[in-house]
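Step one of this worksheet: look at the structure below.
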Amino acid sequence: MYRTRWMADRLQLSDHVFPVLALTGARQTGKSTLLANEPMFADYLHVNLDDLTTMTQAHNDPQGFVNQADRMVIDEAQRVPDLFITVKKAVDDDRSRRFVLSGSANFLLLRQIHESLAGRAGYSVLRQPTWSEWQGTGKPSWVLDLLNGTLLPEQDTPPVPDIKIVLFTGCLPGIRDGTPAEAALFWESYIQTYIERDLPGISAVASMIDYQAVMRMIAITTGSLLEYSSVASNAHVSASTVARYVETLKTAHLLDLVPPAPLASVTSVRRNWKSYLFDTGFVCSLLGKRTPESIDDTLAGHLFEALVCTSIQALADLDSLSIWFVRTRRGPLHEVDFVVERDQKKTAIEVKLSDHVTWSDTEHLRWYMGQEPACPAAAIIYTGTRVLHLARNIVAVPWTML
Numbered sequence: 001m002y003r004t005r006w007m008a009d010r011l012q013l014s015d016h017v018f019p020v021l022a023l024t025g026a027r028q029t030g031k032s033t034l035l036a037n038e039p040m041f042a043d044y045l046h047v048n049l050d051d052l053t054t055m056t057q058a059h060n061d062p063q064g065f066v067n068q069a070d071r072m073v074i075d076e077a078q079r080v081p082d083l084f085i086t087v088k089k090a091v092d093d094d095r096s097r098r099f100v101l102s103g104s105a106n107f108l109l110l111r112q113i114h115e116s117l118a119g120r121a122g123y124s125v126l127r128q129p130t131w132s133e134w135q136g137t138g139k140p141s142w143v144l145d146l147l148n149g150t151l152l153p154e155q156d157t158p159p160v161p162d163i164k165i166v167l168f169t170g171c172l173p174g175i176r177d178g179t180p181a182e183a184a185l186f187w188e189s190y191i192q193t194y195i196e197r198d199l200p201g202i203s204a205v206a207s208m209i210d211y212q213a214v215m216r217m218i219a220i221t222t223g224s225l226l227e228y229s230s231v232a233s234n235a236h237v238s239a240s241t242v243a244r245y246v247e248t249l250k251t252a253h254l255l256d257l258v259p260p261a262p263l264a265s266v267t268s269v270r271r272n273w274k275s276y277l278f279d280t281g282f283v284c285s286l287l288g289k290r291t292p293e294s295i296d297d298t299l300a301g302h303l304f305e306a307l308v309c310t311s312i313q314a315l316a317d318l319d320s321l322s323i324w325f326v327r328t329r330r331g332p333l334h335e336v337d338f339v340v341e342r343d344q345k346k347t348a349i350e351v352k353l354s355d356h357v358t359w360s361d362t363e364h365l366r367w368y369m370g371q372e373p374a375c376p377a378a379a380i381i382y383t384g385t386r387v388l389h390l391a392r393n394i395v396a397v398p399w400t401m402l
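For the sequence shown, UniProt numbering assigns the number 1 to the initial residue and increments by one for each residue that follows.
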């Protein structure tokens, strides 16, 4: 059963502005499924360059290939780079024509689009569905409401599966309803496919052993500051090698880096960003976890923060939000997991792996709001099942409402 994706609204809007849409994202986030099922693409000719015959046709005769239809969805478009110039000429000659270029290996796709389709293409990144998206409960407006100081009303929410099972399984459409045993096999294959099929097209890697060691060290730092020198030391490679490998992971949409927020009144960590690999199931597999029970509480806390980060990033992609974190390095230690901003309005979000939260858990949020006049309200996202008002301007929200 197809679940409508929130990204469809953004694609609909982009279609009115650009003759070419570029849809990218990590492997198996649901790009092909979205394009095959959304009504707006029903009258498009759908082709996939993963098919050898189709790819050969596109390579040998790009002009004839593009002229098969006035509206085309070209999946895995990066496999024939010459198509981008042909698509450019097609939309320049007839602005009513429409093309959707999709692919998980966005490294080549975006570079070629920037060079060939500047000003003609709109870009969108499809992440795995958030919990609300998967359940079909609608996009959570409460995050944007916090920017205006409005809190969700207190309410109960439905119970959910054990959080460690959710974290272990991950959120990709192809596995999120699977068993833990199925998830272990899925992620093992996913990582192997990335290394064998995607990575060679991104960067020349001299040692796959070194690359996997760096990936594992980055997995260990999920939800923490990414120290290149520390990763390099533990993986027995140079810091410059770590930096290059980090770029390959970012380019493949497998890694998000969250920057420190600028604060006028305190000194924040400014040189190091926090790292979040794109899916908690991916992290568990890299760390050799074979069952949900093998996840200790410390790791679970970092994974839960990563799960929340992915959901907030999905909203940021749709609503033009900026995301930072705050951590002081002088005086009393204060840390806020996420600061979300739009139009110079801000809200602060803390993440707690706990079924129960109280007013004392709001210490860092209260500190931040005292430092930042543009932040009228804040939230704690936790594993409980009830929306609670912890203070006049601070609300506790179950993670399932993201």
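C-beta: ideal position from N, C-alpha, C; glycine also. Just so it is clear, the structure is predicted and the values come from calculations on it, not from any experiment.
| Asked | Found |
| --- | --- |
| Top-ranked residue by Cα proximity to Val-336, from Ser-311, Val-258, Leu-34 and Arg-386 | Val-258 |
| Entirely enclosed beta strand (DSSP E) segments - the UniProt domain "DUF4143" (196-354), minimum 3 residues | 255-258, 274-277, 322-327, 335-342 and 345-352 |
| Given Leu-255 as reference, the closest of Ser-224, Ala-239 and Ser-233 once Cα atoms are compared | Ser-224 |
| Any alpha helix (DSSP H) of 4 or more consecutive residues that is wholly inside the region 68-123 | 82-93 and 106-116 |
| Phe-282 versus Ser-233, Ile-380, Val-87 and Ile-218, residue with shortest Cα-Cα distance | Ile-218 |
| Residue range of the unbroken alpha helix (DSSP H) whose run includes Tyr-382 | Run containing Tyr-382: none in the alpha helix (DSSP H); it sits in the beta strand (DSSP E), 378-382. |
| Gln-155 - partner residues in DSSP beta bridges | Val-387 |
| Whether residue 474 touches Ala-235 by CB criterion (8 Å) | The first residue shown for the chain is 1 and the last is 402, placing residue 474 beyond what the model contains. |
| Helix, strand or coil at Ala-184 [DSSP, three-state] | helix |
| Residues that Arg-125 bridges to, as DSSP identifies them | Here residue 125 is Val; the residue named in the question, Arg, does not match the sequence. DSSP output for Val-125 lists Thr-24 as bridge partner(s). |
| Alpha carbon of Asp-361 to alpha carbon of Ile-349, nearest angstrom | 12 Å |
| Residue of Thr-56, Ala-69 and Ala-121 minimising C-alpha distance to Thr-24 | Ala-121 |
| Separation of Thr-310 from Tyr-368, as counted between CA atoms | 23 Å |
| Enclosing beta strand (DSSP E) for Ile-165 [first to last residue] | Not the beta strand (DSSP E): Ile-165 falls in the alpha helix (DSSP H), residues 163-169. |
| Ile-175 - partner residues in DSSP beta bridges | Paired residue(s): none; Ile-175 is not in a bridge. |
| Status (buried if at least 16 other CB within 10 Å, exposed otherwise) for Met-1 | exposed |
| Straight-line Cα distance separating Val-340 from Ser-322 | 6 Å |
| DSSP-derived helix/strand/coil call for Pro-373 | coil |
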